[in-house]
Amino acid sequence: MNFNLDDPAGIAPFLDQAFHKFHIWALQHPEAEMSKALLPIISFAEGIVANEPTYLDTKRRIFGPNFCCAGQVVLGEFATLEAALTSPQARTWRLGTSVLDANHAPNLDVGGRNVFLLALSDQAAGGTGDHEAFRSCMQRYVLNEAASDRQQDDIAQRLLDQLAADYRQMPHDAGGAFFTDVQRGWMGFLVRYLHYVMFGIHPDDQDAIHLLTELHYTRLSPLHYLAGIGSLLRQSNALGHAELPDLIEQAATIYEQSPALAKFEENHPDYHQMTRRELAKLMTAIMGIAALQGPLHLGYTAMGYRPLPAYRHQNTAKIDLVQHWDALDLDDRQAVRLYLLECARLWAPVSATHRIATEPFTASMAGSDYTFPAGTKILIPMSLGLLDESFWGATTYEFDAQRQNLCPYHMGFHSVGERHAGRICPGKEIALDMLVEVLRTVGRVRRQG
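Take the sequence shown: its letters are residues 1372 to 1820, numbered as in our numbering.
Below, the structure is given as structure tokens:
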């Protein structure tokens, strides 16, 4: 099916008023036979389409800040988003607009208990406390002071120097091999650097690096976790996904035997008796879905691999970000960080998350009020908060790394600046510190000609 995001008539199956009204009705009456039959189809199909970066922004321009999308109610007003990101959240099997397959999640894929943080509710929102316990365990052993120290050592610097050498030697224009080669350049660096920093896995461990690259980048492990898609790929062996469960177990063993987990304490009550293997399995999903994807895509944007999204009736796609990068004072780390944050504002690497309504609620859509039952899935579109003209003003779709409130109100890391309710991206500082050093190191090579 072909459609044009710049023309509402071109995506009538998803955006016309009749469909939207049915969507509203179905979410108000989830037990109706028609709702049970069609909502899963809508959730799956539109959930995939809505990952396109201009999609939610276009829907907002047509329907207003609140609307329905992919089987969820979208509440897109800035104050509502701010409240959602700083309050406890009940969760289910969603990754932004997409539906996840619980059977592929760690550690449910091997008949164990659910350790997948993204699908665990906060205790204050009806959860068991597993989210808080498992997240604390991950932070103790993986995202800790030792990881920060490794970012400052000679091995990390060697990897940065190699990245700069790759940039000099490899084509790095839009679509260049520097950005597309999984063994060298940007992706090769990310696999080695992040696994070294987070786990202490030496970048010269060729067997480990080969398997982790194969799993997370060559075979696109994030697709494994998506409902429908993961099973289809596995059954057809597309991208070699028939072997993915075995590769995941092998990667978990690498993580389990890594220096970061060498002193793991089993059966700790503070971590709800999380085992070393459970943490390792959790990290196979975290690395594939988050750690190796968010920085990858923000780096793509910041280093000019692709233009910014062509938001409807805006000139954003014409902004030359590399020109802004070239003008930065590379000795000013804060200036480079602000540049990255503004890149992530105009194209959020993670566009949305979700929560489950724990009680009935009413939302205004297109001038009418609609009440939805407890249990309704609610999308939290961080990308709409980052592009909200009522907050960011007339220059919302322009690039300005010095714009007011960029840091304290940035929603790109599942928080509002540093304010959150326990679900801020746990790797935020590691990722930003890495990206700052990448832009400084590679930026100097650019200026050498």
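Glycine is no exception: its CB is placed at the ideal position from the N, C-alpha and C atoms.
Nearest candidate by alpha-carbon position, reference residue i, set the options
i	options	result
V1562	A1651, S1492, A1662 and Y1710	A1662
F1560	D1428, T1624, L1530 and D1578	L1530
A1745	P1731, G1738, I1751 and S1735	P1731
H1785	E1620, L1456 and P1666	L1456
R1817	L1618, E1800 and D1544	D1544
A1517	A1473, E1620, Y1567 and A1536	Y1567
A1473	I1526, G1447, G1498 and G1599	G1599
I1751	L1701, R1465 and Q1705	R1465
D1759	P1593, D1428, G1798 and A1723	D1428
V1859	P1436, F1434, A1421 and G1814	There is no way to answer for residue 1859, as the model of the chain reaches only from 1372 to 1820.
E1417	R1708, H1394, G1798 and A1698	H1394
D1697	A1719, P1720 and A1673	A1673
L1594	R1432, A1548, I1619 and G1435	I1619
L1591	I1580, A1609 and D1576	A1609
W1802	L1650, G1670 and E1423	Correcting the residue identity first, residue 1802 is Ala in this sequence and not Trp. Closest option to A1802, Cα to Cα, is G1670.
R1683	P1424, S1406, E1404 and A1389	P1424
K1748	I1419, A1461 and R1432	A1461
L1615	E1636, H1587 and F1635	H1587
D1575	G1546, I1526 and L1604	I1526
F1743	Y1564, G1442 and I1433	G1442
G1556	H1573, L1565, Y1564 and Y1538	Y1538
Continuous alpha helix (DSSP H) stretch holding residue i: start and end
i	result
F1834	Nothing about residue 1834 can be reported from this structure: the residues present for the chain run from 1372 to 1820 only.
T1767	Element bounds for T1767: n/a, residue is neither H nor E.
Y1426	Y1426 to F1434
S1602	I1600 to S1607
Euclidean distance between Cα positions of residue i and residue j
i	j	result
R1521	V1481	33 Å
Q1775	T1766	11 Å
N1478	D1524	34 Å
Q1664	T1584	13 Å
G1675	P1411	37 Å
D1552	L1810	19 Å
Y1768	Y1780	16 Å
W1396	V1807	47 Å
R1790	L1712	16 Å
H1391	L1667	34 Å
G1820	Q1528	22 Å
H1725	Q1540	42 Å
A1408	P1401	10 Å
L1717	F1770	8 Å
S1519	F1762	34 Å
R1821	T1624	In the structure as shown, the chain begins at 1372 and stops at 1820. Residue 1821 is therefore absent and cannot be evaluated.
A1613	Q1494	36 Å
C1796	E1627	22 Å
Q1705	Q1685	28 Å
G1483	M1645	11 Å
G1798	P1640	24 Å
L1386	K1430	Interpretation of L1386 is limited by its pLDDT of 49, a score under 50 that renders its predicted location unreliable; no figure is taken from the coordinates.
A1723	G1467	5 Å
L1398	A1728	12 Å
M1372	N1515	Because the pLDDT at M1372 is just 33, under 50, the model does not fix this residue reliably, and the value given afterwards should be weighed accordingly. Approximately 47 Å, taken between the alpha carbons.
Y1710	A1772	5 Å
C1439	D1740	13 Å
G1659	P1542	26 Å
L1603	I1419	15 Å
M1805	V1707	11 Å
Sequence-distant residues of the same chain with beta carbon closer than 6 Å to residue i, five excluded per side
i	result
A1631	Y1512, V1513, F1570 and G1571
D1378	Confidence at D1378 is low in this model, with a pLDDT of 47, below 50, so its placement is unreliable and no value can be given for it.
A1688	P1678, L1679 and A1681
G1500	Q1494
G1611	R1590
A1389	none
L1376	At L1376, the pLDDT of 43 sits below 50, so the modelled position is not reliable; the number obtained from the coordinates is stated separately. Excluding sequence neighbours, L1376 sits near T1425 and T1429.
Residue range of the beta strand (DSSP E) that includes residue i
i	result
H1566	First-last for H1566: G1556 to F1570, but that is the alpha helix (DSSP H), not the beta strand (DSSP E).
Q1705	It is not in any beta strand (DSSP E) - Q1705 instead sits in the alpha helix (DSSP H) that spans R1704 to L1717.
Q1443	Q1443 to L1446
M1736	F1732 to M1736
H1587	Where H1587 is concerned, there is no enclosing beta strand (DSSP E), given that its DSSP letter is neither H nor E.
L1750	K1748 to I1751
Close-in-space but distant-in-sequence residues of the same chain around residue i (CB under 7 Å, 5 per side omitted)
i	result
M1782	L1452, L1456, M1753, G1756 and L1757
A1380	Because A1380 sits at a pLDDT of 44, beneath the cut-off of 50, its placement in the model cannot be relied upon, and the point is left open.
G1793	D1493 and E1503
G1435	M1736 and A1737
Nonlocal neighbours in the same chain, by C-beta distance under 8 Å from residue i, ignoring five residues either side
i	result
L1488	H1502, F1505, R1506, M1509, L1653 and I1657
D1532	T1812
N1437	V1444, V1445, L1446, G1447, E1448, A1734, S1735 and M1736
R1815	A1535 and L1701
M1405	A1397
G1497	A1461 and T1729
F1635	Y1512, R1647 and L1650
Below-7 Å beta-carbon distance, residue i vs any chain C residue
i	result
Q1628	The question asks about chain C, but that chain is absent: this structure has only one protein chain.
Evaluate the contact criterion for the region 1684-1703 versus the region 1734-1743: three or more CB pairs, one atom per stretch, below 8 Å. no
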